[in-house]
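Participant:
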Amino acid sequence: MRSSRTDLMQGTLELLVLKTLSRQPMHGYGIAQRIHQDVDDLLKVEDGSLYPALYRMEERGWISSEWGLSENNRRAKFYRLTRAGRRQLEAQSVNWERVSRAVMKVLAAT
Amino acid sequence: MKNLFKLFQRGSDSIENEVDEEFRFHLDMQTKAYEDRGHTSPKSREMASARFGNVEKIRTECVRISSGKSALIWVLNTLFLLSLLIGLLLRVLGPEMHINRVGDVLMMIGGLGILLVYAKQAGANVYRSTANTLHLGLHNSPPVSFDEKGRTPFDRVRADD
Numbered sequence: 234m235r236s237s238r239t240d241l242m243q244g245t246l247e248l249l250v251l252k253t254l255s256r257q258p259m260h261g262y263g264i265a266q267r268i269h270q271d272v273d274d275l276l277k278v279e280d281g282s283l284y285p286a287l288y289r290m291e292e293r294g295w296i297s298s299e300w301g302l303s304e305n306n307r308r309a310k311f312y313r314l315t316r317a318g319r320r321q322l323e324a325q326s327v328n329w330e331r332v333s334r335a336v337m338k339v340l341a342a343t
Numbered sequence: 425m426k427n428l429f430k431l432f433q434r435g436s437d438s439i440e441n442e443v444d445e446e447f448r449f450h451l452d453m454q455t456k457a458y459e460d461r462g463h464t465s466p467k468s469r470e471m472a473s474a475r476f477g478n479v480e481k482i483r484t485e486c487v488r489i490s491s492g493k494s495a496l497i498w499v500l501n502t503l504f505l506l507s508l509l510i511g512l513l514l515r516v517l518g519p520e521m522h523i524n525r526v527g528d529v530l531m532m533i534g535g536l537g538i539l540l541v542y543a544k545q546a547g548a549n550v551y552r553s554t555a556n557t558l559h560l561g562l563h564n565s566p567p568v569s570f571d572e573k574g575r576t577p578f579d580r581v582r583a584d585d
């Protein structure tokens, strides 16, 4: 485990989940694996913290869920992005870029 | 009809069961992943649990979030059912034509409402018994995981076809 892992900023997890689900429907475990893989283990994401985020996003209508069969033929709950979720992903991505650009500007200022 | 009955029965128990099943699946998959890397079963389970975080706390949070939706559905179902029953009573016992008409309207609202809530719920909760019903978007995304034969989900779906 790397010592330089950074805690995830509030709200960032939702963006990561939305982006992950924009590729294909996945179960919770698959989403967690994919996020760990994509962030190259640089961010500290407890697998369990994913689930309240998933449930909240489902409540907001950004994702929907459905029970299906996993790769090892076990019953698993699969999540997929809804149209509202896709719009949310676009909005959050734009916002994230704006915030990160602003922070970088401040950090680069002499 | 059995599903309709189940819809009215769907309470906190079923929410808790669903959350438990989902977490169990996650922990089992993670445990298996650690075992495949050469760890013993107890050690793998321990590592999977540590990686997951506080199961009880997360479980409580998930049940709380889901229960909000469940309560709303329960209220809607109760209102629609009441509308249906009152409509039926007015239709059967109403002494005059215009009261019968009100009964018809109430019955229609109640019936359609129940059907709508049922359709919405069924879409989210139906257990699909065949792997072919879930579309994984085969042509534009990478595989999620491999099975014991080293096949990707896409290979498995193609093999099933």
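Chains as they are written, first to last, in our numbering: chain A, 234 to 343; chain B, 425 to 585.
Note that the Cβ used here is the ideal one computed from N, Cα and C, for glycine as well.
(1) Tell me which residue opens and which closes the beta strand (DSSP E) that A:A342 is part of.
(2) Taking A:E247 as the reference, give the member of A:E279, A:A265, A:Q257 and A:L287 with the closest Cα.
(3) Using the C-alpha atoms, what's the distance from A:L249 back to B:E470?
(4) Can you check whether the CB of B:R483 is closer than 7 angstroms to the CB of B:V443?
(5) Out of curiosity, what's the CA-to-CA distance linking B:N556 and A:H260?
(6) Alpha carbon to alpha carbon, how far is A:R267 from A:T253?
(7) Could you tell me which of A:R307, A:N306, A:W295 and A:N305 sits nearest to A:A324, measuring between CA atoms?
(8) DSSP on A:W300, reduced to helix/strand/coil?
(9) Tell me whether the stretch 529–540 of chain B and the stretch 498–518 of chain B touch, counting them as touching only if at least three CB pairs, one residue from each stretch, are closer than 8 angstroms.
(10) Any contact of the stretch 452–472 of chain B with the stretch 486–503 of chain B, i.e. 3+ C-beta pairs under 8 angstroms?
(11) Grouping DSSP H, G and I as helix and E and B as strand, with all else coil, what is A:R308?
(12) Between which two residues does the alpha helix (DSSP H) holding B:R475 run?
(13) Looking at the secondary structure, which residues open and close the alpha helix (DSSP H) in which A:L275 lies?
(14) How far does the alpha helix (DSSP H) with A:P392 in it extend, from its first residue to its last?
(15) For B:R515 and B:D437, I'd like the C-alpha separation in whole angstroms.
(16) Apply the 10 Å Cβ neighbour rule to A:M337 and answer buried if 16 or more other Cβ atoms are within range, or exposed otherwise.
(17) Any Cβ of chain B within less than 7 angstroms of the Cβ of A:T245?
(18) Within 10 angstroms of the Cβ of B:A543, are there 16 or more other Cβ atoms? Answer buried if so, exposed if not.
(19) Comparing C-alpha positions only, which one of B:R488, B:N501 and B:S465 sits nearest to B:D452?
(20) In this structure, how does DSSP classify A:R374 when only helix, strand and coil are distinguished?
(21) For A:S297 versus A:R313, is the C-beta distance shorter than 7 angstroms?
(22) Listing by chain order, which chain A residues have their CB less than 8 angstroms from the CB of B:F499?
Facilitator: Looking at the atomic coordinates:
(1) No beta strand (DSSP E) holds A:A342; DSSP gives it neither H nor E.
(2) A:L287
(3) 26 angstroms
(4) yes
(5) Because B:N556 carries a pLDDT of 37, less than 50, the predicted location of this residue cannot be relied on, and the following value inherits that uncertainty. Approximately 16 angstroms between the Cα atoms of the pair.
(6) 7 angstroms
(7) A:W295
(8) strand
(9) yes
(10) no
(11) strand
(12) S465 to F476
(13) No alpha helix (DSSP H) contains A:L275, which DSSP labels as neither H nor E.
(14) Any question about residue 392 of chain A goes unanswered here, given that chain A covers just 234 to 343.
(15) 37 angstroms
(16) exposed
(17) no
(18) exposed
(19) B:S465
(20) For chain A, the structure presents residues 234 to 343; residue 374 of chain A sits outside this window and is missing.
(21) yes
(22) Note that residue 499 of chain B is Val in the sequence shown, not Phe. Within 8 angstroms Cβ-Cβ: nothing; B:V499 doesn't reach chain A, min ~16 angstroms.
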